[in-house]
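Chemist: Residue numbers (the working numbering): 133 to 256.
Cβ atoms here follow ideal geometry from the backbone N, Cα and C, with glycine treated the same way.
On a predicted model such as this, the values are computed, not experimentally measured, just so you know.
This is the structure:
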């Protein structure tokens with residue numbers, strides 16, 4: 133009677149440590165494959181030489197300074213009075229805050245570049 137329950141042998145199982153180690157190895161292999169795939173897909177663009185400042189970059193820097201602009205808002209709670217936008221033609225323009233926000237929301241053409249407090253000469 134080899135089929136009796138007392139004579140059946142249990143199938144051997146590997147120790148838990150071995151199973152856990154295999155899970156860790158599988159995770160590491162999967163992580164490596166994903167990392168390699170992402171790294172080969174995303175390639176950095178070569179940086180421009182430090183001395184190569186384009187006229188657009190110089191204009192942007194001047195407008196940002198002259199109109200006290202920020203690309204992230206104002207930590208002190210200051211309320212922007214103007215916006216800096218890039219028109220669909222690629223020109224930079226200082227416009228009202230409302231016009232800049234409309235561009236940000238896609239209601240008006242252009243791209244919001246920064247919000248501004250206004251030029252230093254303006255009195256509030």
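Could you tell me whether the Cβ atoms of residue 217 and residue 195 are closer together than 8 Å?
Modeler: Counted from its first residue, the chain shown places residue 217 at position 85. Counted from its first residue, the chain shown places residue 195 at position 63. Against a cut-off of 8 Å, the Cβ pair of residue 195 and residue 217 comes out as no contact.
Chemist: By alpha-carbon positions, which one of 159, 251, 155 ends up nearest to residue 147?
Modeler: Looking up residue 147 in the chain shown gives position 15. It is 155 whose Cα lies nearest to the Cα of residue 147.
Chemist: Quick test of your reading: residue 221 and residue 199, contact by CB under 8 Å. State the CB separation rounded to the nearest angstrom.
Modeler: Translated into the one-based positions of the chain shown, residue 221 becomes position 89. Translated into the one-based positions of the chain shown, residue 199 becomes position 67. The Cβ separation is near 20 Å, so there is no contact.
Chemist: To which residues does DSSP link residue 246 through a beta bridge?
Modeler: In the chain shown, the residue the question calls residue 246 occupies position 114. Partner(s): 216.
Chemist: In the DSSP output, which residue or residues are listed as bridge partners for residue 194?
Modeler: In the chain shown, the residue the question calls residue 194 occupies position 62. According to DSSP, residue 194 bridges with nothing at all.
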